[in-house]
Amino acid sequence: MSFLSSSFLSSLNVPSRRYPTPHLQTSPRKSPMDQPAAAALTRRGIFGLGAAVAVGVCNSRSAAAWEPAPERTLRIYNCLTGEGFDGVYWAEGRPVAEAMARIDWVLRDHRSDDCHRIDLALLNRLSEMQEKLDSQHPFEVLSAFRSQETNRRVKGAATGSLHLQGRAVDLRLQGRRAVDLYRCALSFGDGGAGCYAKRNFVHVDTGPTRRWMGA
């Protein structure tokens with residue numbers, strides 16, 4: 120994008136003088152006195168142009184710096200408790216405290232009611248997935264934060280599961296296959312993602328990049 124309008128640029132061009140041509144002279148000759156003035160005008164034009172560009176760059180950076188960060192939204196429903204969240208959890212460049220507290224509660228350990236701060240990076244990933252999948256339905260959460268006791272009861276759960284840190288979630292989405300959610304999670308290129316097609320849910324976490332197909 121150009122910072123200067125065509126009218127402004129054209130205003131910098133100094134019109135050349137036209138001298139009457141003697142009838143015996145085929146081409147006009149410029150006076151030596153005109154050359155320094157033309158050079159000075161050219162220098163002034165260049166400096167003026169540079170200053171205008173600098174002002175334009177500064178104004179552009181200033182506008183970008185003051186541009187408010189976009190809001191982030193999330194729609195989740197805990198299938199085990201019947202509770203949910205549908206709203207903005209990030210606004211004006213920071214997490215919304217009340218929304219974060221509500222999300223932590225919705226994604227708590229349903230057996231013990233133990234609550235843990237859910238990883239913001241995980242919420243951001245779920246928000247990005249919802250935007251990419253373009254669905255009005257909430258993610259149906261099967262498991263999020265787990266206490267040590269609950270994790271021991273889950274068949275096949277890793278002893279160091281990221282569920283224990285609030286960094287993992289198992290979910291599904293109405294009207295979409297598990298493999299669709301899995302491919303969506305893969306498209307971001309980082310974090311963990313597992314597909315459990317037979318049970319119609321996916322695992323998403325913010326740990327190292329890992330991919331797997333579960334039973």
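Take 120 as the starting number for the sequence shown in the working numbering and just add one per residue. Think of the CB as a built atom: it goes at the ideal place given N, C-alpha and C, for glycine as much as any other residue. Model, not experiment: these values are computed from the prediction.
Ordered along the chain, which non-local residues of its own chain (more than five positions away) have a Cβ less than 7 Å from that of leucine 199? Reading the sequence shown from its first residue, position 80 is the one you call residue 199. These residues qualify, in order along the chain: His229.
Between the CA atoms of valine 288 and asparagine 197 - distance to the nearest angstrom: Stepping through the sequence shown from its first residue, residue 197 is reached at position 78. Stepping through the sequence shown from its first residue, residue 288 is reached at position 169. Those two C-alpha atoms are separated by around 11 Å.
Could you give the C-beta distance for alanine 312 and valine 323, rounded to a whole number, given that I count them as a contact under 8 Å? Here residue 312 refers to the residue found at position 193 of the sequence shown. Here residue 323 refers to the residue found at position 204 of the sequence shown. The Cβ separation is near 6 Å, so the contact holds.
Three or more C-beta pairs closer than 8 Å, one from the stretch 252 to 269 and one from the stretch 278 to 292: is that the case here? Three or more beta-carbon pairs drawn from the stretch 252 to 269 and the stretch 278 to 292 are found closer than 8 Å, and the two stretches are therefore classed as touching.
Do you know how far the Cα of serine 262 is from the Cα of valine 273? On the sequence shown, residue 273 is found 154 positions in, with the first residue counted as 1. On the sequence shown, residue 262 is found 143 positions in, with the first residue counted as 1. C-alpha of valine 273 to C-alpha of serine 262: approximately 10 Å in a straight line.
What is the residue span of the beta strand (DSSP E) that valine 321 lies within? On the sequence shown, residue 321 is found 202 positions in, with the first residue counted as 1. Valine 321: member of the beta strand (DSSP E) spanning 320 to 324, first to last residue.
In whole angstroms, what separates the C-alpha of arginine 191 from that of arginine 265? For the purposes of this step, residue 191 is identified with residue 72 of the sequence shown, where counting begins at 1. For the purposes of this step, residue 265 is identified with residue 146 of the sequence shown, where counting begins at 1. About 25 Å.
State the DSSP-derived secondary structure class of aspartate 316, mapped to helix, strand or coil. Within the sequence shown, residue 316 is the residue found at index 197, counting from 1. Correcting the residue identity first, residue 316 is alanine in this sequence and not aspartate. DSSP places alanine 316 in coil when its eight states are reduced to three.
Pick from Arg194, Ala216, Gly275 that is closest to histidine 256, judged by C-alpha positions: As a working note, residue 256 is residue 137 in the sequence shown. Ranking the options by Cα distance to histidine 256, first place goes to Arg194.
Ordered along the chain, which non-local residues of its own chain (more than five positions away) have a Cβ less than 6 Å from that of methionine 210? The sequence position of residue 210 within the sequence shown is 91, counting from 1. Strictly speaking, residue 210 in this sequence is alanine, with methionine absent from that position. Answer for alanine 210: Glu190, listed in chain order.
Bridge partners for tryptophan 331 per DSSP, in chain order? The count along the sequence shown starts at 1 and reaches residue 331 at position 212. Paired residue(s): Gly313.
Quick one: what's phenylalanine 258 bridged to in DSSP? By one-based count along the sequence shown, residue 258 stands at place 139. DSSP lists Ile195, Leu292 as partners of phenylalanine 258.
If we count the other Cβ atoms within 10 Å of its Cβ and call it buried at 16 or more, is glutamine 293 buried or exposed? Against the sequence shown, residue 293 aligns to sequence position 174. With fewer than 16 other CB atoms across the displayed protein chains lying within 10 angstroms of its CB, glutamine 293 is exposed.
For alanine 218, count neighbouring C-beta atoms within 10 Å of its own C-beta (all shown protein chains included) and say buried if the count is 16 or more, exposed if not. On the sequence shown, position 99 is the one that residue 218 refers to. Classification for alanine 218: buried.
Collapsed DSSP secondary structure at arginine 227 in the structure displayed: As a first step, residue 227 must be located in the sequence shown, where it is residue number 108. Note: arginine 227 maps to coil in three-state DSSP.
Have a look at histidine 235 and arginine 296 and give me their C-alpha separation to the nearest angstrom. Taking the sequence shown and counting its residues from 1, one reaches residue 235 at position 116. Taking the sequence shown and counting its residues from 1, one reaches residue 296 at position 177. When rounded, the distance between both Cα atoms is 29 Å.
Pairwise C-alpha distance: valine 225 and aspartate 232: Numbered from its first residue, the sequence shown carries residue 232 at position 113. Numbered from its first residue, the sequence shown carries residue 225 at position 106. Spanning the two alpha carbons is a distance of roughly 10 Å.
Can you check whether the CB of methionine 248 is closer than 9 Å to the CB of cysteine 303? Position 184 of the sequence shown holds residue 303. Position 129 of the sequence shown holds residue 248. Between cysteine 303 and methionine 248, the C-beta gap is smaller than 9 Å, which places the two residues in contact.
Check whether alanine 240 and arginine 291 have beta carbons under 9 Å apart: Numbered from its first residue, the sequence shown carries residue 240 at position 121. Numbered from its first residue, the sequence shown carries residue 291 at position 172. Not in contact: alanine 240 and arginine 291 (Cβ atoms no closer than 9 Å).
What number of angstroms, rounded off, separates the C-alpha of serine 306 from the C-alpha of glycine 206? To locate residue 306, count along the sequence shown from 1; it is residue 187. To locate residue 206, count along the sequence shown from 1; it is residue 87. Near 24 Å, if we compare the C-alpha coordinates of glycine 206 and serine 306.
Pull up the DSSP beta-bridge partners for valine 207, would you. Translated into the one-based positions of the sequence shown, residue 207 becomes position 88. Beta-bridge partners of valine 207 (DSSP): Thr192.
Quick check on asparagine 253: buried or exposed, where buried means 16 or more other Cβ atoms within 10 Å of its Cβ? Start at 1 with the first residue of the sequence shown, and residue 253 comes out as number 134. The displayed chain sequence assigns aspartate, not asparagine, to residue 253. By the neighbour-count rule (16 or more Cβ atoms within 10 Å), aspartate 253 is not buried but exposed.
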